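So the sequences go chain by chain: L and E.
Going by numbering that gives the first Met the number 0, 102 is the number at position 103 of the first sequence; the sequence numbering is gapless.
Going by numbering that gives the first Met the number 0, 60 is the number at position 61 of the second sequence; the sequence numbering is gapless.
For glycine and all other residues, C-beta sits at the position ideal for the given N, C-alpha and C.
Here the structure is a predicted model, which means the values were calculated and not measured.
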Amino acid sequence: MSAPPSRRPANRRPPNRAPNRRAEEQARLAAEQAAARRRERRILVVALVAFVVLLVGGGIGFQAWRTNRTPAAAPAAPLAAGAGATITNARPIVWGDPGAPVTLSLYEDFHCPHCAEFEEEFAGVLTAAQQSGRVRLELYPMAFIDEGSAAAANGMACAAEAGFGPSYFAGLFANHTLKWSDDQLIELARVSGAEATPAFTTCVTSKAHAGWVESINTAADQRGVTGTPTLFLDGKAVDMASLTPTGLETMIAEAAQQ
Amino acid sequence: MTSLEPHPPLSAAVRGRGAAVAPWISTAARLILGGVLLVAGALKVIDPQASVAAVRAYELLPTGLETLVGWGLPFAEVALGLLLLTGLGTRPAAAAAGLLMLVFIAGVASAAARGLSIDCGCFGGGGPVAPDQTAYGREIVRDVGLLLLAGWLVVRPRSRLSLEPVR
């Protein structure tokens with residue numbers, strides 16, 4: 000019930016014992032506390048600003064490193080290297096048995112994140128379907144995201160021409176966070192188990208198939224392709240939102256039987 | 000029990016309840032704004048190419064700056080998100096987040112005014128889309144909502160469940 004004894008003397012201190020000094024003391028204490036609080040506040044703000052600046056600066060450095068490093072080998076080479084393809088304006092790169100019963104037309108941009116996810120999820124099904132002779136795959140590499148997309152699409156055409164298209168294709172998506180400089184595109188040939196021949200190197204650096212890339216973009220526009228990845232099965236658009244690997248397998252099997 | 004106690008004056012009761020509730024509103028504002036920023040930033044950090052492409056789609060910055068903003072902005076969002084979620088430096092962090100929202104609103108509005116058809120790239124992705132797939136109205140409404148939360152936090156930065164020492 001009673002107040003703590005320690006507080007009593009303070010309350011009972013005779014008023015004639017230098018009240019001014021006490022008030023001064025209190026003011027000094029309050030000022031000290033306020034100064035300490037301000038100092039603490041300043042330290043906190045400086046620490047927080049340093050945190051943000053370091054994170055952003057480090058982040059920019061990290062992304063610069065990530066997009067400029069050399070490509071890594073793709074997990075598995077999807078198809079055996081075939082004969083060199085002929086690159087014809089507005090015509091896709093074609094893999095698989097030319098007489099296969101099912102035709103899949105695939106529109107992808109090498110810098111489109113959803114395309115990289117699609118490849119990660121569906122590459123197995125697509126490769127197996129080509130190997131079993133059921134599917135003929137038409138690849139339309141579109142380039143609408145950035146210069147890297149166009150450079151990669153050009154490199155893709157160069158690789159298809161040189162006969163190592165499928166492994167190069169897998170490598171492009173396995174390394175889709177790279178910016179695709181000429182050096183990276185040439186290095187990718189090496190890590191894809193192919194040889195970066197002078198012809199291939201020149202094809203990449205001179206953007207030999209830039210016109211073809213343009214023509215593929217135009218062809219996609221004309222077909223009404225507005226986003227990537229877009230997939231047509233025997234000319235009919237596949238609903239990508241609900242597609243699963245087993246669902247695609249079933250669709251291919253059913254189409255092959257007709 | 001309660002009925003036996005004398006009722007405090009109404010104004011005091013209301014003030015008391017307001018003082019008790021406001022820090023919790025600030026906590027909710029902190030968690031929503033910080034959570035959205037952290038997720039938005041993290042989704043863009045994953046793919047630096049897409050992030051730069053999303054910035055480029057606005058056609059507002061010179062090439063070098065597009066790259067810097069595309070790489071740096073997601074980390075700034077992550078940093079502000081972390082500060083808001085932990086409650087460290089809530090007022091300056093909320094002020095910065097509010098400023099960011101103003102920039103986003105201006106960017107989206109300018110894209111709409113110039114007749115571009117792009118995705119805002121707010122949560123990764125971004126870049127050109129089909130004209131009927133733009134969502135400028137929804138994007139601006141969402142950013143205005145987040146701007147209001149940031150404004151609330153600038154006015155009332157004190158909140159519960161915060162690492163910042165409360166005095």
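is_contact[residue i, chain E] using C-beta, thresh 8 Å
i	result
Thr66/L	yes
Met239/L	no
Ala173/L	no
Val44/L	yes
Ala63/L	yes
Leu47/L	yes
Gly164/L	no
DSSP state of residue i mapped onto helix, strand, coil
i	result
Pro4/L	Legend: pLDDT at Pro4/L = 49, less than 50; position of this residue unreliable, value from coordinates given subsequently. Note: Pro4/L maps to coil in three-state DSSP.
Leu9/E	Summary for Leu9/E: the model assigns pLDDT 47, below 50, so the residue's position carries little reliability; its value from the coordinates is reported in the next sentence. Note: Leu9/E maps to helix in three-state DSSP.
Phe109/L	coil
Phe231/L	strand
Ser104/L	strand
Gly126/E	strand
Cys119/E	coil
Tyr135/E	helix
Arg159/E	coil
Leu177/L	coil
Pro22/E	helix
Phe143/L	coil
Gln129/L	helix
Val38/E	helix
Gln221/L	helix
Gln183/L	helix
Thr69/L	coil
Ile31/E	helix
Gln257/L	coil
Ile86/L	coil
Ser148/L	helix
Thr204/L	helix
Arg166/E	In this predicted model, Arg166/E has a pLDDT of only 48, less than 50, meaning its place in the structure is not dependable enough to derive any value.
Glu194/L	coil
Ala99/L	coil
Contact list for residue i against chain L, beta-carbon separation under 9 Å
i	result
Ala93/E	Result: empty, since nearest Cβ-Cβ is about 12 Å, beyond 9 Å.
Ala149/E	In chain order: nothing, as chain L lies at least about 16 Å away.
Beta bridge counterpart(s) of residue i as assigned by DSSP
i	result
Arg189/L	Bridge partners of Arg189/L: none, in fact.
Ile92/L	Leu138/L
Ala236/L	Phe231/L
is_contact[residue i, chain L] using C-beta, thresh 8 Å
i	result
Arg55/E	yes
Phe122/E	no
Phe103/E	no
Ala27/E	no
Leu115/E	no
Leu160/E	no
Leu37/E	no
Leu64/E	no
Gly97/E	no
Under 7 Å by beta carbon: chain L residues contacting residue i
i	result
Ala78/E	Phe50, Val51, Leu54, Val55
Asp46/E	Pro112, Thr176
Contact list for residue i against chain E, beta-carbon separation under 7 Å
i	result
Thr225/L	Ala129
Gly210/L	The premise fails here: Gly210/L is roughly 22 Å from chain E at the closest Cβ pair, so nothing lies under 7 Å.
Closer than 7 Å: residue i CB and nearest the ligand GDP heavy atom
i	result
Phe168/L	As for the ligand GDP, it is missing from this structure, which has no ligand bound.
Neighbouring residues, chain E, relative to residue i (Cβ below 8 Å)
i	result
Asp306/L	Residue 306/L lies beyond the range of chain L shown here (0 to 257); nothing can be said about it.
Ile59/L	Leu67, Trp70, Gly71, Phe74
Under 9 Å from the C-beta of residue i: neighbouring residues of chain E
i	result
Gly170/L	Those do not exist, as Gly170/L stays about 16 Å from chain E at its closest Cβ, beyond 9 Å.
Contacts that residue i makes with chain L (C-beta to C-beta distance below 8 Å)
i	result
Leu82/E	Leu47, Phe50, Val51
Val87/E	Looking at the sequence provided, one finds Leu at residue 87/E rather than Val. Simply Leu43, Leu47.
Gly136/E	Here the premise fails: no neighbours, minimum Cβ distance about 20 Å.
Gly126/E	Phe143, Ile144
Contact with chain A by residue i, beta-carbon distance below 8 Å
i	result
Gly34/E	In the structure shown, chain A does not exist; the protein chains are L and E.
(request) Mind listing, in chain order, the continuous alpha helix (DSSP H) runs of no fewer than 4 residues lying wholly within the stretch 42-122 of chain E? (result) 47-56, 62-85, 89-112
(message) Ignoring anything shorter than 3 residues, give me the beta strand (DSSP E) runs that lie fully in the stretch 27-63 of chain L, in order along the chain.
(response) none
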